[in-house]
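Novice: Got a structure here, written out as structure tokens. Questions coming.
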Amino acid sequence: MKRYTMLIEKDEDGWLVSEVVELPGCHTQAKTMDQLLRRTREAIRAYLESENVPELPQQFVGVQHIEV
Numbered sequence: 069m070k071r072y073t074m075l076i077e078k079d080e081d082g083w084l085v086s087e088v089v090e091l092p093g094c095h096t097q098a099k100t101m102d103q104l105l106r107r108t109r110e111a112i113r114a115y116l117e118s119e120n121v122p123e124l125p126q127q128f129v130g131v132q133h134i135e136v
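For the sequence shown, the tail end lands on 136 under our numbering, and the numbers increase by one without skipping.
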């Protein structure tokens, strides 16, 4: 089992949107967090089953807030 980093945002219509950092283009949306987690797992599985999975040696480092 592999661990992935999921970024979560809320869009202007109130939908939760996830993006998997290590898998470019792997994202989904849902109305609830439970639904989002389920759909993100499904999206990851579908992404990994596709023929064009890039091998990226990326490692997510973190998120930092900055004020300007």
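Quick reminder that beta carbons are idealized off the backbone N, C-alpha and C, glycines included.
1) With distances taken between CB atoms, is the gap from Thr96 to Ala111 smaller than 7 Å?
2) Give me, in chain order, the residues of the same chain whose beta-carbon lies closer than 6 Å to that of Glu77; leave out the 5 immediate sequence neighbours on both sides.
3) Please classify Leu75: does DSSP put it in a helix, a strand, or coil?
4) Using only CA atoms, which one of Cys94, Pro92 and Lys99 lies nearest to Val79?
5) Excluding five sequence neighbours on each side, which residues of the same chain lie with their C-beta closer than 8 Å to the C-beta of Val89?
6) Identify the continuous alpha helix (DSSP H) that holds Glu87 and give its terminal residues.
Specialist: Let me lay it out:
1) Within the sequence shown, numbered from 1, the residue matching residue 96 stands at position 28. Within the sequence shown, numbered from 1, the residue matching residue 111 stands at position 43. Going by C-beta atoms, Thr96 is nearer than 7 Å to Ala111.
2) As a working mapping, residue 77 is identified with position 9 in the sequence shown. By the criterion of a C-beta distance shorter than 6 Å, Glu77 is surrounded in its chain by Val85, once the five residues flanking it on both sides are discounted.
3) Translated into the one-based positions of the sequence shown, residue 75 becomes position 7. Leu75 carries a strand assignment under DSSP once its states are collapsed to helix, strand and coil.
4) Walking along the sequence shown from the start, residue 79 turns up at place 11. Here the sequence assigns Asp to residue 79, which means Val is not the residue at that position. Closest by alpha carbon: Lys99.
5) Translated into the one-based positions of the sequence shown, residue 89 becomes position 21. Exclusion of the five residues before and after Val89 leaves Tyr72, Thr73, Met74, Leu75, Gln126 and Phe128 as the residues of its chain whose Cβ lies within less than 8 Å of its Cβ.
6) What you label residue 87 is simply residue 19 of the sequence shown in a count that begins at 1. Taken as a continuous stretch (DSSP letters only), Glu87 belongs to no alpha helix (DSSP H), being part of the beta strand (DSSP E) at Leu84 to Val88.
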